[in-house]
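Residue numbers (our numbering): 9 to 226.
Below: the structure, in structure tokens.
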């Protein structure tokens, strides 16, 4: 994973970047002294700017959300969470936030939920537009479909980072390796039917309906 930011940044910015990288690498139990050493400041300066480690974590959360919005706003073609993280990881200034976001998504918590909810809301919007434009098929539940796509996208990336990536700490390399290895098969799954029997979905719906509890039985 890349080391800490250029000294041209303000002390507060260096602390934030150092904290995001350190938290991403060691988890949220990482100490202020280690973060201070990474940023080239004293632990006292961290408490001066952020009050406490919890305050620093909240500032990291806010920075990740701000940068995520910035990247999504400036992106002309956003294909989903993995594409967004890959785009962020390829830009030096976003590497700490990308690494931190992946750790947060792995560990859970308020930031993970906010990120997921944000991606789902965006996905519902652009999937509905794609349906209107005739690019993708309609669905009976766009919110559920979009949420599933977010879960599967993030989940696949996190599992890849933990169990298959050559260096889980190098977020840029992780996202590149993932897209190189699984991008083609993902596109295939989305564009080519997995089942050759076109009646498979209807059969599933019928089976699900038959197995659902009846009101009089509840």
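Glycine included, C-beta positions come from ideal geometry on N, C-alpha and C.
Measuring only the C-alpha atoms, how far is residue i from residue j?
i	j	result
residue 157	residue 23	34 angstroms
residue 110	residue 166	7 angstroms
residue 153	residue 129	11 angstroms
residue 51	residue 29	16 angstroms
residue 190	residue 63	38 angstroms
residue 43	residue 20	12 angstroms
residue 27	residue 218	53 angstroms
residue 220	residue 202	26 angstroms
residue 94	residue 182	9 angstroms
If you check the beta carbons only, do residue i and residue j fall under 9 angstroms apart?
i	j	result
residue 76	residue 32	no
residue 137	residue 69	no
residue 79	residue 102	yes
residue 185	residue 196	no
residue 131	residue 98	no
Tell me whether residue i sits in a helix, a strand or coil according to DSSP, three-state version.
i	result
residue 48	coil
residue 114	helix
residue 66	helix
residue 143	coil
residue 97	helix
residue 191	helix
residue 36	coil
residue 220	coil
*asked:* Could you tell me which whole alpha helix (DSSP H) segments of length 4 or greater appear in the segment 124 to 179?
replied: 150 to 171
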